[in-house]
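Chemist:
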Amino acid sequence: MINLACWNTRGLNSTPKQSEVRKLVLDHNISLVCLIETRVRINKKTLVANSVFKDWDMIDNYNSHSLGRIWVGWDPRILNITKIRETDQIIHCDACILDINDQFRISFVYGSNDDRLRKALWQSMCSSQHSSPWIMLGNFNVFRSVGESIGDRSRILGAMEEFNDCLQSLELDDLRFLGFLHTWCNKRSNGCISKKLDRVLVNNDWLVKF
0 MINLACWNTR GLNSTPKQSE VRKLVLDHNI SLVCLIETRV RINKKTLVAN
50 SVFKDWDMID NYNSHSLGRI WVGWDPRILN ITKIRETDQI IHCDACILDI
100 NDQFRISFVY GSNDDRLRKA LWQSMCSSQH SSPWIMLGNF NVFRSVGESI
150 GDRSRILGAM EEFNDCLQSL ELDDLRFLGF LHTWCNKRSN GCISKKLDRV
200 LVNNDWLVKF
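Position 105, counted from 1, in the sequence shown is what numbering that gives the first Met the number 0 calls 104; the numbers after and before it change by one each time, with no gaps.
1) Unbroken alpha helix (DSSP H) runs of length 4 or more, entirely within the stretch 30–109: which are they?
2) Excluding the 5 residues preceding and the 5 following residue 74 in the sequence, name in chain order all residues of the same chain whose CB lies nearer than 7 Å to its CB.
3) Distance check for residue 195 and residue 65, CA to CA, integer angstroms please.
4) Alpha carbon to alpha carbon, what distance is there between residue 101 and residue 118?
5) Would you tell me roughly how many angstroms separate the C-alpha atoms of residue 105 and residue 150, rounded to the nearest one?
6) Can you look up residue 7 in the DSSP assignment and give me helix, strand or coil?
7) Let me check understanding here. Comparing Cα to Cα, which of 4, 37 and 207 lies closest to residue 27?
8) Count the other CB atoms, across all protein chains shown, that sit within 10 Å of the CB of residue 88; report buried if there are 16 or more and exposed otherwise.
9) Quick one: what's residue 16 bridged to in DSSP?
10) Going by C-alpha to C-alpha distance, which of 163, 133 and 136 sits closest to residue 145?
11) Since residue 135 is in the beta strand (DSSP E), which residue starts that stretch and which ends it?
12) Let me check one thing: in DSSP terms, what residues is residue 163 bridge-paired to?
13) Can you tell which of 107, 131, 172 and 170 has its C-alpha closest to the C-alpha of residue 204?
Here is the structure:
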């Protein structure tokens, strides 16, 4: 199986951050990486992409957002990726692992931090329901249960319910993981807030196949 990664870079314009991405890919033998919150304007896209991805292929969602909130790069010697559709919060793709011809659907997410705007994300997800192996990864900017948040539980029940209803209808669930539960923190000593906003979701066909 190939190695995939998704990283909320919180900016990709600086040379040190670009070097960090290259090191991540090299150290973990990654064949596909999704970078979200790049903050790279389209006039600088080619320069930054050449630095980060070099000989890799890439797609993005600049057609849906001026800052290209989602970048996806992959090694074309290992994978073939075809974009199916995009919005400002998600890119849906069909993928194939070339040497074994294993095919699957993969979706990359960077959800809005506005509950109202995330409704469009749930609609896009539900309209793209897929019966073959499907993996979805990224920052959904919402958590699934109160145990996934410490320090801030305001106005969450409705958003949690919408997210869980969407996942239930799609028959997607969390892939088992190692490491810290919470993936985001406000880094304050007083009033610390931490949440699980990033996750990898798969359907049963994915679990059977991989």
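We put the beta carbon where it would ideally sit given N, CA and C, even for glycine.
Modeler: According to the structure shown:
1) 44–52
2) Here residue 74 is taken as the residue at index 75 of the sequence shown, counted from 1. If we look at residue 74 and ignore the five residues flanking it on each side, its Cβ neighbours are 30 and 55.
3) For the purposes of this step, residue 65 is taken as the residue at position 66 of the sequence shown. For the purposes of this step, residue 195 is taken as the residue at position 196 of the sequence shown. Each residue's Cα considered, the two are about 27 Å apart.
4) As a working note, residue 118 is residue 119 in the sequence shown. As a working note, residue 101 is residue 102 in the sequence shown. Between residue 118 and residue 101, the C-alpha separation is close to 32 Å.
5) Reading the sequence shown from its first residue, position 106 is the one you call residue 105. Reading the sequence shown from its first residue, position 151 is the one you call residue 150. If you take the alpha carbons of residue 105 and residue 150, they lie about 33 Å apart.
6) Within the sequence shown, numbered from 1, the residue matching residue 7 stands at position 8. If DSSP states are grouped into helix, strand and coil, residue 7 belongs with the strands.
7) Position 28 of the sequence shown, counted from the start, is the residue given in the question as residue 27. That would be 4, whose Cα lies nearest to the Cα of residue 27.
8) As a first step, residue 88 must be located in the sequence shown, where it is residue number 89. Result: buried.
9) For this step, residue 16 is matched to residue 17 along the sequence shown. According to DSSP, residue 16 bridges with nothing at all.
10) Here residue 145 corresponds to residue number 146 of the sequence shown, with the count starting at 1. Closest by alpha carbon: 163.
11) For the purposes of this step, residue 135 is identified with residue 136 of the sequence shown, where counting begins at 1. First-last of the beta strand (DSSP E) with residue 135: 133–138.
12) Taking the first residue of the sequence shown as 1, we reach residue 163 at position 164. Per DSSP, none; premise fails for residue 163.
13) Against the sequence shown, residue 204 aligns to sequence position 205. Of 107, 131, 172 and 170, the residue nearest in Cα terms is 131.
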